[in-house]
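Everything in the sequence shown is counted per UniProt numbering, starting at 1 for the first residue and increasing by one.
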Amino acid sequence: SVVRSLVVEVGGEAYAFPLAHIERTLELPAEAIVQIEGRQHFWHEGRHIGLVAATQLLNRPASQADAPNIKVVVIRERDTLYGVAVERLVGERVLVVMPLDARLGKVQDISAGALLDDGSVVLIVDVEDLLRSVEKLLSTGRLERIERGQRAAREAVRKRVLVVDDSLTVRELQRKLLSNRGYEVAVAVDGMDGWNALRSDDFDLLITDIDMPRMDGIELVTLLRRDNRLQSLPVMVVSYKDREEDRRRGLDAGADYYLAKASFHDDALLDAVVELIGGAQG
Numbered sequence: 001s002v003v004r005s006l007v008v009e010v011g012g013e014a015y016a017f018p019l020a021h022i023e024r025t026l027e028l029p030a031e032a033i034v035q036i037e038g039r040q041h042f043w044h045e046g047r048h049i050g051l052v053a054a055t056q057l058l059n060r061p062a063s064q065a066d067a068p069n070i071k072v073v074v075i076r077e078r079d080t081l082y083g084v085a086v087e088r089l090v091g092e093r094v095l096v097v098m099p100l101d102a103r104l105g106k107v108q109d110i111s112a113g114a115l116l117d118d119g120s121v122v123l124i125v126d127v128e129d130l131l132r133s134v135e136k137l138l139s140t141g142r143l144e145r146i147e148r149g150q151r152a153a154r155e156a157v158r159k160r161v162l163v164v165d166d167s168l169t170v171r172e173l174q175r176k177l178l179s180n181r182g183y184e185v186a187v188a189v190d191g192m193d194g195w196n197a198l199r200s201d202d203f204d205l206l207i208t209d210i211d212m213p214r215m216d217g218i219e220l221v222t223l224l225r226r227d228n229r230l231q232s233l234p235v236m237v238v239s240y241k242d243r244e245e246d247r248r249r250g251l252d253a254g255a256d257y258y259l260a261k262a263s264f265h266d267d268a269l270l271d272a273v274v275e276l277i278g279g280a281q282g
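Right, here's the structure in full:
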């Protein structure tokens, strides 16, 4: 089968929106975007339309380009309208639909693939699924803002996290989890190593173990809170010690968050990081 589609670019990759679901395309100046109840909207034909970033929905890296206007595809599913911000509007194409490999199962927000004239693959967006993803992000409050103008250029700088732990496996696990989420991560093998790193470089968050040779985590946090330059740095303690008195000791020393390794899992760590410093570029 064939489908008439609008091909766009998101995070350097081509995606296609079936024309049947497209209300129209727009180029919005930054000042046309307003915040209503913490969500971004723009005014179009007498109504406010919610604006979402295609990069977040499709898990693509945000563009570093600082375009003056934001390119928006307004999609419709029955009475629901949303604006999806994309990097580039490539143009309309008639695409021959290629079903996805059944072994992949249902791919979130994607219905099929197709080939462009140059032989490159384009993924066809499942608009109904995409709108469900938008609603889910809205209900959990995790919808990211569309960055614009100089603010976007400034915020494209990734947030930096220092992980201090004498266990190689714990260090590497935390480094990978955070790197995969977009944070820039440095590691230190004990409190002394961490203290030297903190004094010589800038970080947005410190994650430290407690029991370490040379200088333990409590000493490290105590030193940090006494330092004029570092005293406001957010600190998370991740420790095998999960008794209430251990937790209290860490928080009393100046930690903002205490996570027991016994309850440690990917989401617990990442949720705590987002709670303390926000997303990697947000």
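Think of the CB as a built atom: it goes at the ideal place given N, C-alpha and C, for glycine as much as any other residue.
Specify, as a first and last residue, the run of the alpha helix (DSSP H) that residue i falls within.
{"i": "Ser-179", "result": "168–180"}
{"i": "Leu-57", "result": "54–57"}
Could you tell me the boundaries of the beta strand (DSSP E) in which residue i lies?
{"i": "Gln-40", "result": "39–44"}
To the nearest angstrom, report how far apart residue i and residue j are at their CA atoms.
{"i": "Gly-50", "j": "Asp-209", "result": "42 Å"}
{"i": "Ala-272", "j": "Arg-175", "result": "15 Å"}
{"i": "Val-274", "j": "Leu-6", "result": "35 Å"}
{"i": "Arg-47", "j": "Leu-173", "result": "47 Å"}
{"i": "Ser-168", "j": "Asp-190", "result": "This sequence places Leu at residue 168; Ser is not what is there. Distance between the alpha carbons of Leu-168 and Asp-190 is about 11 Å."}
{"i": "Ala-114", "j": "Ala-20", "result": "17 Å"}
{"i": "Ser-120", "j": "Tyr-257", "result": "47 Å"}
{"i": "Met-215", "j": "Arg-145", "result": "40 Å"}
{"i": "Val-8", "j": "Arg-181", "result": "24 Å"}
{"i": "Leu-269", "j": "Glu-23", "result": "40 Å"}
{"i": "Leu-89", "j": "Leu-137", "result": "24 Å"}
{"i": "Val-84", "j": "Leu-223", "result": "47 Å"}
{"i": "Glu-31", "j": "Thr-25", "result": "18 Å"}
{"i": "Pro-234", "j": "Leu-276", "result": "7 Å"}
{"i": "Leu-205", "j": "Ala-255", "result": "11 Å"}
{"i": "Arg-199", "j": "Ala-112", "result": "51 Å"}
Leaving out five residues on either side along the sequence, give the residues of the same chain with a beta carbon under 6 Å from the beta carbon of residue i.
{"i": "Gly-194", "result": "Val-164, Ala-188, Leu-220"}
{"i": "Asp-227", "result": "none"}
{"i": "Tyr-240", "result": "Lys-261"}
{"i": "Ala-62", "result": "Thr-55"}
Going along the chain, which residues of its own chain have a beta-carbon closer than 8 Å to the beta-carbon of residue i, five neighbours each way excluded?
{"i": "Gly-278", "result": "Lys-159"}
{"i": "Tyr-82", "result": "Ile-49, Gly-50, Leu-51, Val-52, Val-74, Ile-75, Leu-131, Val-134"}
{"i": "Arg-171", "result": "Val-163, Asp-165, Val-187, Val-189"}
Near residue i, which residues of its chain fall below 7 Å by C-beta distance, leaving aside the five closest residues on each side in sequence?
{"i": "residue 293", "result": "The structure shown does not extend to residue 293, since the chain spans only 1 to 282, so no value can be given for it."}
Are the C-beta of residue i and some C-beta of chain C separated by less than 8 Å?
{"i": "Leu-269", "result": "As a matter of chain content, chain C is missing from the structure shown, which is built from one protein chain."}
message: Restricting to runs no shorter than 3 residues, where is the beta strand (DSSP E) found entirely within the UniProt domain "Response regulatory" (160–276)?
response: 160–164, 184–188, 205–208, 235–239, 257–260
- prompt: Mind pulling the alpha helix (DSSP H) runs of 4 or more residues that sit fully within the UniProt domain "CheW-like" (2–136)?
  reply: 54–57
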